[in-house]
Amino acid sequence: MEIKNLKISVFNSDGKAVKEVELDKTIFGVKPDTNLLHFVANAYLANKRLGLAHTKTKSEVRGGGRKPWRQKGTGRARQGSIRSPQWRGGGITFGPRSNRNWSVKINQKVKIKALAMALSAKAEDKKITLIDVLPTDGKTKSMAKLIKANKVSRTPLLIPTKTGVEILRACHNISGMQILRADSLNVLDVLKARHLILPVESLEAIKKTFFKKVSK
-17 MEIKNLKISV FNSDGKAVKE VELDKTIFGV KPDTNLLHFV ANAYLANKRL GLAHTKTKSE
43 VRGGGRKPWR QKGTGRARQG SIRSPQWRGG GITFGPRSNR NWSVKINQKV KIKALAMALS
103 AKAEDKKITL IDVLPTDGKT KSMAKLIKAN KVSRTPLLIP TKTGVEILRA CHNISGMQIL
163 RADSLNVLDV LKARHLILPV ESLEAIKKTF FKKVSK
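The numbering of the sequence shown is the numbering used here, which starts it at -17 and goes up by one.
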C-alpha cells in the first residue's frame, strides 16, 4: 500500500510550522519491501567488512619439516609432520583467511529502490522533520535548541546539502547525532537513524542525485 498523504510541515528553529510541502511520491511514497531492505543493508555491512581474522595452514606454520618418526615398525599411526592439522600447534584446516573477499554487488537500480523504501518508511512513521534553515553560528546551543523545539528523537541523522565547519562544530557535542550529506545518503544510515532532519533544500539535492531519471 502506497503512502497517500505526503504533505509535511516545514518548521523553523523554534519548532513553529512556517509552510507545508508535498513530498515526491517516487521517493517518499514507495511501499517498503523488507526482504529487499534486508539484502541491501546486509550488503552495505558486508562491503564495510575488513576480514581481519586469519589462520595459518599446515604449510605456513613454523617448524614441522622433519618427519616425527619412521613410516613403519613403530606400531603408531604414520605421521609426516608435527604441523599437520591433527597435532596441537598444527595448521588450521578451512580456517578464516584475511584475503577473503566479503563484498556483495548491489545493482544501482536496486540500491536506489531500497533508498526510496527506507525514506518512505521514515515518512510513514512520521520520523522526518523538515527545517527551513539550519543554524549557521556553529554553536551547539543553537542546534540543541532546534532539536528540542522540534521534538526530535534520539540518535537523529542530519542530512544537509553541505557539511561546513559551522554545522560540524554545532553537532559535534550532541550525543548520538550523525551527519551525512544529501548526495552521500545510503540505506544503512537511514535505517539506523531513529529520526531524519532535513533542510528543505536537501529534498531537491536527494532527488537530483539519486532519483533524477525516476522522477521524469
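A virtual CB, placed ideally from N, CA and C, is assigned to each residue, including glycine.
Keep in mind it's a predicted model, so treat the numbers as computed, not measured.
Inter-residue Cα distance where the pair is ILE64 and GLN53: C-alpha of ILE64 to C-alpha of GLN53: approximately 14 angstroms in a straight line.
Indicate the three-state DSSP secondary structure (helix, strand or coil) for PHE(-7) in the structure shown. In this structure, PHE(-7) counts as strand in the three-state DSSP scheme.
Which term fits HIS154, buried or exposed, when burial requires 16 or more other beta carbons within 10 angstroms of its beta carbon? Result: exposed.
Within this structure, are the beta carbons of LYS40 and SER80 separated by less than 8 angstroms? Annotated as distal: LYS40 and SER80, with beta-carbon spacing of 8 angstroms or more.
To the nearest angstrom, how far is the alpha carbon of ASN132 from that of GLY73? Here the alpha carbon of ASN132 sits roughly 59 angstroms from the alpha carbon of GLY73.
Between ALA103 and PHE10, what straight-line distance do the alpha-carbon atoms span, to the nearest angstrom? Using only the alpha carbons, I get a separation of about 8 angstroms.
Can the beta-carbon of GLU160 be found closer than 8 angstroms to that of LEU128? What sits at residue 160 in the sequence shown is Gln, not Glu. The answer is no: Cβ separation not under 8 angstroms.
On the DSSP letters alone, give me the boundaries of the alpha helix (DSSP H) that HIS20 sits inside. The continuous alpha helix (DSSP H) containing HIS20 extends over residues 16 to 30.
Hey, is the segment 7 to 27 in contact with the segment 93 to 112, meaning 3+ C-beta pairs nearer than 8 angstroms? Segments in contact, yes.
Tell me whether the segment 106 to 119 and the segment 20 to 34 touch, counting them as touching only if at least three CB pairs, one residue from each stretch, are closer than 8 angstroms. Output reads no: the segment 20 to 34 does not touch the segment 106 to 119.
How long is the line joining the alpha carbons of GLU4 and ALA187, rounded to whole angstroms? Roughly 16 angstroms separates the two Cα atoms.
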